[in-house]
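Some notes on the structure that comes next.
Residue numbers (the UniProt record's numbering): 1 to 198.
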């Protein structure tokens, strides 16, 4: 009987330790790219007004000084926290990244420029198609992008689900969350906070 009580107490202690450790998981992201470039990973949502602040105030400088000069690799992981239309926007962004990657940041900037109240369903196929049509790419690419983001189980759909899963697995609780070479930028609204890791 004493042996069973001892084993039971040990199991209970083990369960308590496992549960306590699982609650203290930190947000994580890959530290660097495969080619050794500095890696910027931004978790965001096109409907997030705080993410738009980064797009408007920080990204123009980061793009000009670091992305356009090929000094960093930038990845936007769409958390799609804010509704089904966020997920649709993510699919369109993923299709552009796959088919016309050089135009992705233009698309991202333009979608944020259309941002409305986050509770409103404003990311629509009409808006996305209009923004895709504005990109500096061939009509064939535009048609491929539209088909890709609208087709269930396409690579763009799968990537959107993968990004949602990554957000959860990496314990991202809110957006925007930015990592540079695996280090979290504590105040992503200030360029100087980004530059200390660049």
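Positions of the beta carbon are idealized from the N, C-alpha and C atoms, including for glycine.
Using the rule of at least 16 other Cβ atoms within 10 Å of the residue's Cβ for burial, across every protein chain shown, is residue 90 buried or exposed? Mapped onto the chain shown, residue 90 falls at position 90. Answer is buried; the Cβ neighbour count reaches 16.
Between the region 118-138 and the region 53-70, do at least 3 Cβ pairs fall closer than 8 Å? No, the region 118-138 is not in contact with the region 53-70.
Taking residue 72 as the reference, which of 149, 62 and 81 has the closest Cα? Along the chain shown, one-based indexing puts residue 72 at 72. If we check each option's Cα against that of residue 72, 62 comes out closest.
In the DSSP assignment, what residue or residues form a beta bridge with residue 117? Position 117 of the chain shown, counted from the start, is the residue given in the question as residue 117. Its beta-bridge partners do not exist; DSSP assigns none.
Which first and last residues belong to the alpha helix (DSSP H) in which residue 265 is found? Because the chain here runs from 1 to 198, residue 265 falls outside it and cannot be looked at.
What residue ranges within the region 58-142 form continuous beta strand (DSSP E) runs of no fewer than 3 residues, ordered along the chain? Whole beta strand (DSSP E) segments, 3+ residues: 72-78.
Span of the alpha helix (DSSP H) holding residue 193? Residue mapping note: residue 193 aligns to position 193 of the chain shown, counting from 1. Element bounds for residue 193: 191-195.
Determine, using beta-carbon pairs with one atom in the region 179-193 and one in the region 37-51, whether at least three such pairs fall under 8 Å. Flag = yes, the region 179-193 and the region 37-51 touch.
Mark residue 177 as exposed unless 16 or more other C-beta atoms lie within 10 angstroms of its C-beta, in which case mark it buried. Position 177 of the chain shown holds residue 177. Classification for residue 177: buried.
Ignore the nearest five residues each way along the sequence and tell me which others in residue 166's own chain have a CB closer than 7 Å to its CB. Translated into positions along the chain shown, residue 166 becomes position 166. Closer than 7 Å at the Cβ level, and outside the excluded window around residue 166, lie 77.
Within the same chain, show all residues whose beta-carbon is closer than 6 Å to that of residue 124, passing over the 5 residues directly before and after it, in chain order. The residue given as residue 124 occupies position 124 in the chain shown. Cβ within range, chain order: n/a, list empty.
So, are the CB atoms of residue 142 and residue 133 less than 9 Å apart? Here residue 142 refers to the residue found at position 142 of the chain shown. Here residue 133 refers to the residue found at position 133 of the chain shown. Yes, the Cβ-Cβ distance between residue 142 and residue 133 is below 9 Å.
Quick one: what does DSSP say residue 37 is sitting in, helix, strand or coil? Numbered from its first residue, the chain shown carries residue 37 at position 37. In the structure shown, residue 37 sits in coil (DSSP, three-state: anything other than H, G, I, E or B).
Which residues in the same chain have their Cβ closer than 7 Å to the Cβ of residue 111, if we skip the five residues on either side of it in sequence? Here the question's residue 111 lines up with position 111 in the chain shown. Short of 7 Å from the beta carbon of residue 111, and not among the five residues preceding or following it, lie these beta carbons of its own chain, in chain order: 46, 89 and 131.
Buried or exposed: where does residue 35 fall if 16 or more other Cβ atoms within 10 Å of its Cβ makes it buried? Counted from its first residue, the chain shown places residue 35 at position 35. That one is exposed.
Spatial neighbours of residue 147 within its chain, please: CB distance less than 6 Å, with the 5 preceding and 5 following residues excluded, ordered by chain position. Within the chain shown, residue 147 is the residue found at index 147, counting from 1. Excluding sequence positions up to five before and after residue 147, its CB lies less than 6 Å from no other CB in the same chain.
Inter-residue spacing [alpha-carbon to alpha-carbon] between residue 104 and residue 145: Locating residue 104 in the chain shown gives position 104, where the first residue counts as 1. Locating residue 145 in the chain shown gives position 145, where the first residue counts as 1. The alpha-carbon atoms of residue 104 and residue 145 are separated by roughly 11 Å.
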